[in-house]
Every structure is written in C-alpha cells, then in structure tokens.
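Structure first, commentary second.
In our numbering, the protein residues as written are 470 to 893.
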C-alpha cells in the first residue's frame, strides 16, 4: 500500500508543480507537457493549455481514478501540497517542491516532463535538461487526440462530415513502424530528404514562388512497400495521413463522385499539414477507358483539377498517389507529379535485409542469406507472410526457434497463395 501511496503523491506533486509553472510562464505550450497531463491541461483537444490551470479534486479523480487526493495531504512525506477550502490544490513553496520531486522521483522521471525540466535546469540542476526532455516527449501534433480535434473541427458541416467518412486517417503516433524499420533503396530515401528539406525551407520556397514540390507517385507491384512508405513518411515528417482508395469514393448518383473528390481535398487543406495518400490511382485510368456514360470522366477531370489546386508549399499538403499499373496512366496524370518513385520486387540482397529487419530477434537454424536465395520473386509482403507462417509452425510445435521445416512451410504457403491468385 505504501508504494502505491508514494507514487500517487509523486503524481499529485508533479501535477500541481506543472500547473503552477505553466501559469507563470505563458511561453510554455502543450508540447512542454508530459502526455499524462495533456488531457487535463488542454480539455478541448485543440492542443491549447486552458490557462489559468486550476487543479481541483474532481479533476484529479477523473484523470487519476486510483488517487485519493485528500488522503495524500496527510501522507508523512507530503511537505508542499495543500488544498483550499474550495478544493483547489496548490504548493506552499514552489522551487523547494520541485527539488523535492527531483530527489524523490529521480532525473529520469523529470525528463518525462519538459516543463519541470526547464524549471529545475534554470534553478541550476545539472541532472536534467529541457532540450533533452523535449526530444524525449512525443509532439502533441503526432497524437490521435490532435488529429481527432482537427477532424472534429473540420466536420462542422455535413459535407465535411461525409468527407471524414470517406477517408482512413492515421496520426503519426498510431503508425507502429518508421522508415528505420523498413528496407528502401537510396533513390526512395532521397525523395524523403527532398520533401523534408522543402518543409524546412517552406517560407523560402513560398517567398520565391517555387511550388512544384510535394506530389509523388509511387509505382510498383502489390506488396513492394508503397503503402508502408507513405505511412512511414507520416512518422518522419510529423504529419497525419488521410488514406483514400478511389474505388471506395465512387457513387452511383450523378455528380456525387466529383463532389466526394472535392470534399476530400478540402478536408486535407483544413487539417494541414498532412499527407493525402490516394491508393489505386490507376483506377481512374481504367475508368477513363471503360466508362461510357461520362460520369467518371468528369470525376477524373475533377481529380486532376484538385491536384492542380493542392500544394505542399501553399497548402502544407503532401500528395502521394500509388499505382500497380503505371502503364494505364496517361500524360495528363504524369505531368502533375514532380516525383515518380519505383518500387521493384526485392533482389536477393534486399530480401536478406528485409528478413533481418523483420526477424532480427527470432532464432533461426538457417542463415537468412540462404532463405533469401530460396524466395526469388517474393515481395516484401510475401516475406513477412512467409515468416509469420514459419513462426506459427514453430509455436504449434512448442518451439521458439525457426527450423528449415518451418521456413519451407512458410514458403509453400506463399507459393500456394500466389498460384491460386494467378489461376494456375
């Protein structure tokens, strides 16, 4: 019981300390708060601290249900937290309380809180650093709460509400992998550097009216990493993703498909900076060829015009298209993209790198170099599927080390699926 009480006293002290610090320093923002206090200090999910922050008993119980604030005031180690008759918590002495927190919680805990790190570093404490704390703390803009706040604000009208329903949205923090977790070519990563540099020099490019940056077409067979690349960019650039499949926004009603396209681009501009990722881009080319009534032809024209009016420099929208069938896209589409990035089927060296990335911590009796030679014509997605099957086979046999038989079973599964899919 004492350990729980001590941790709750530390949490109470940290909360009151942080509140008093942000109330006296208006330069502090939501990104100076630890993730555990952001919902309390920024109740509207807009990422703005609701100053003055008042720590009330009811608020504490809402955010920390296991805490009994009144009882903590009686704790023998509590020397600084007090409560007024109206239930407002405060400190008897601010800086001594901050140093008490550092001594009892430790530097690692303080580094989880940029606000307290700043207070203590300014007071001369060498064991904590505001800059280091800032680097360790996730940006609010990367969180699902931040994205939800933007989408809720954008959904004020019925048209925008329908646009939100047409997209799949991801906050950077919701994406479980980064570019470092994946295997890409130098050419593909060079595009990342180009976009990052454009964002860092956004004002310079805008001043000089250099706008033709930030429309990227990803070209390659299914499973070669196009979607993963677009999502991993979200983490790298700290931009949420709106993912759209063109086949899912078509409508049987006259003119509705064009309206859906307009709404999606308007939504991207409203929540910018963001990535607008449209998969199945070849769908428009197929429809242009096969559609007889002209409805989709008008929708295609709407899409191309929308592309002309969205821009990384003007609107802070990075547009990414992906296609499995580059040959079906005509010149009207190609000329709107400043970058075309090819995603080839991985060669033997790249297959080995993918296997090492995916299964680096999983014991295997075979060298992945040998497995790479056995998996010719496998995409990155195929390799992941093969490894998953191999791992399941090992676990079913009560083992956590992969054998050649497990690998063979995984390879057989992928080849069987491929033959069924191709009708062989």
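Just so you know, even glycine gets a beta-carbon here, dropped at the ideal spot from N, CA and C.
Taking only the alpha-carbon atoms, compute the straight-line gap between residue i and residue j and give it to the nearest angstrom.
i	j	result
residue 765	residue 684	23 Å
residue 477	residue 540	10 Å
residue 626	residue 542	48 Å
residue 775	residue 677	23 Å
residue 620	residue 610	13 Å
residue 842	residue 891	23 Å
residue 796	residue 529	60 Å
residue 837	residue 830	12 Å
residue 661	residue 509	36 Å
residue 651	residue 694	9 Å
residue 816	residue 880	16 Å
residue 531	residue 861	42 Å
residue 800	residue 735	25 Å
residue 460	residue 679	Past the boundaries of the shown model lies residue 460; the chain is included only from 470 to 893, so the question cannot be answered.
residue 777	residue 522	45 Å
residue 894	residue 828	This structure leaves residue 894 out entirely; the chain is present only between 470 and 893.
residue 482	residue 524	11 Å
residue 618	residue 781	22 Å
residue 628	residue 674	33 Å
With a CB to CB cut of under 6 Å and the five nearest residues on each side skipped, what residues in its chain are close to residue i?
i	result
residue 718	635 and 729
residue 704	641, 644 and 647
residue 637	712
residue 885	none
residue 897	The question about residue 897 has no answer here: the residues shown for the chain are numbered 470 through 893.
residue 825	837
residue 726	719, 720 and 768
Label residue i either buried or exposed according to how many other C-beta atoms from any shown protein chain fall within 10 Å of its C-beta, with 16 as the threshold for buried.
i	result
residue 866	exposed
residue 582	buried
residue 470	With a pLDDT of only 41 at residue 470, under 50, the local geometry of the prediction cannot be trusted, and no value is derived from it.
residue 724	exposed
residue 658	exposed
residue 741	buried
residue 856	buried
residue 889	exposed
residue 572	exposed
Nearest CA to the CA of residue i: which residue from the options?
i	options	result
residue 496	506, 520 and 503	520
residue 561	480, 547 and 704	547
residue 686	627, 787 and 516	787
residue 601	524, 612 and 501	501
residue 802	769, 781 and 831	769
residue 653	823, 773, 706 and 744	823
residue 738	493, 645, 709 and 613	709
residue 491	518, 481 and 475	518
residue 615	513, 632 and 603	513
residue 745	554, 711 and 689	711
residue 772	811, 732 and 673	732
residue 848	868, 863, 861 and 818	818
residue 613	483, 516 and 524	516
residue 749	617, 511 and 789	789
residue 493	506, 585 and 623	585
residue 813	631, 688, 671 and 632	688
Excluding the 5 residues preceding and the 5 following residue i in the sequence, name in chain order all residues of the same chain whose CB lies nearer than 8 Å to its CB.
i	result
residue 564	588 and 592
residue 526	538, 539, 552, 556 and 558
residue 851	692, 844, 883 and 887
residue 834	870, 871, 872 and 873
residue 607	504 and 642
residue 576	596 and 597
residue 807	681, 682, 683, 684 and 685
residue 897	Since the first residue shown for the chain is 470 and the last is 893, residue 897 is missing from the structure and cannot be characterised.
Beta-carbon within less than 7 Å of residue i's beta-carbon, same chain only, minus the 5 sequence neighbours each way: which residues are those?
i	result
residue 794	751
residue 580	586, 597, 601, 602 and 605
residue 747	713, 715 and 790
Looking at the unbroken beta strand (DSSP E) that takes in residue i, where does it start and where does it end?
i	result
residue 792	786-792
residue 639	637-639
residue 614	Here residue 614 belongs to no beta strand (DSSP E); instead the alpha helix (DSSP H) covers 613-623.
residue 557	557-560
residue 689	684-689
residue 812	808-812
residue 747	743-748
residue 588	That residue, residue 588, is in no beta strand (DSSP E); its alpha helix (DSSP H) goes 583-591.
Would you mind reading off the limits of the alpha helix (DSSP H) that contains residue i?
i	result
residue 605	599-605
residue 854	849-865
residue 718	Here residue 718 belongs to no alpha helix (DSSP H), and DSSP marks it neither H nor E.
residue 658	655-669
residue 704	695-706
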